[in-house]
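Residue numbers (the working numbering): 231 to 479.
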């Protein structure tokens, strides 16, 4: 199983992009230059027609990617041609995995260098089958915890967790307003009492100021919507410049 701590020094810079937005060639060019960026762990969003966990900007990017033909097969093809030292994680809706076939999906993800899966709409109670396939291939199925998750449930959720814990700092969809720092700090302490895994905080982390605040209380910050916005330019040089600005120390 991948130890995500090996990908960052003190705190992790975790970014999110939509594969195929604005098109597959921009995605490929960006991934080929990933090693020159401050990103430690990159979540690759696989476009889906009904992205229930995503705010308007990411949902629109996903629809654009679908129009450009960025289905899961094309994503796998593209990733075969990319080599990176950074950790790659799939953010993918369960329906896509299910229609591809659980076993095949996990095997193919492993082959192209994916270290973990984040499946936003899959509940803990329904995750056993996918977790079994992930365990076979040494892939982490990431545990998501919300700022509102009660302590007893956290204990249950993290018991067999692997990779890292993804703490959702805002309630609802991506791009929303993040919870107060004190609340997050309390929640992180609660999670730490049950697991030694790194805790990354996402949802509502928009700029360098937010990233610096989150770094103080967690093991890393996840930035999604602001980075997807950078891809609007379709200029990889500009995107990398914006990424450096968001994650600067």
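Glycine included, each C-beta is placed from N, C-alpha and C at the ideal position.
Because the structure is a prediction, the values reported are computed rather than measured.
Where the beta strand (DSSP E) containing residue i begins and where it ends
i	result
residue 345	344-348
residue 373	373-376
residue 394	Premise fails: residue 394 is in no beta strand (DSSP E) and is neither H nor E.
residue 275	271-275
residue 431	429-432
Endpoints, alpha helix (DSSP H) assigned at residue i
i	result
residue 306	302-310
C-beta atoms of residue i and residue j nearer than 9 Å
i	j	result
residue 355	residue 381	no
residue 474	residue 267	yes
residue 389	residue 372	no
residue 319	residue 271	yes
residue 387	residue 375	yes
DSSP beta-bridge partners of residue i
i	result
residue 257	In DSSP, residue 257 forms no bridge with anything.
residue 331	Note: residue 331 sits in no beta bridge, so no partner.
Which of helix, strand or coil DSSP assigns to residue i
i	result
residue 414	helix
residue 472	helix
residue 242	strand
residue 424	coil
residue 403	Below a pLDDT of 50, predicted positions are generally treated as unreliable, and residue 403, at 45, falls in that range; no measurement from the model is reported.
residue 237	helix
residue 352	coil
residue 467	helix
residue 453	strand
residue 322	coil
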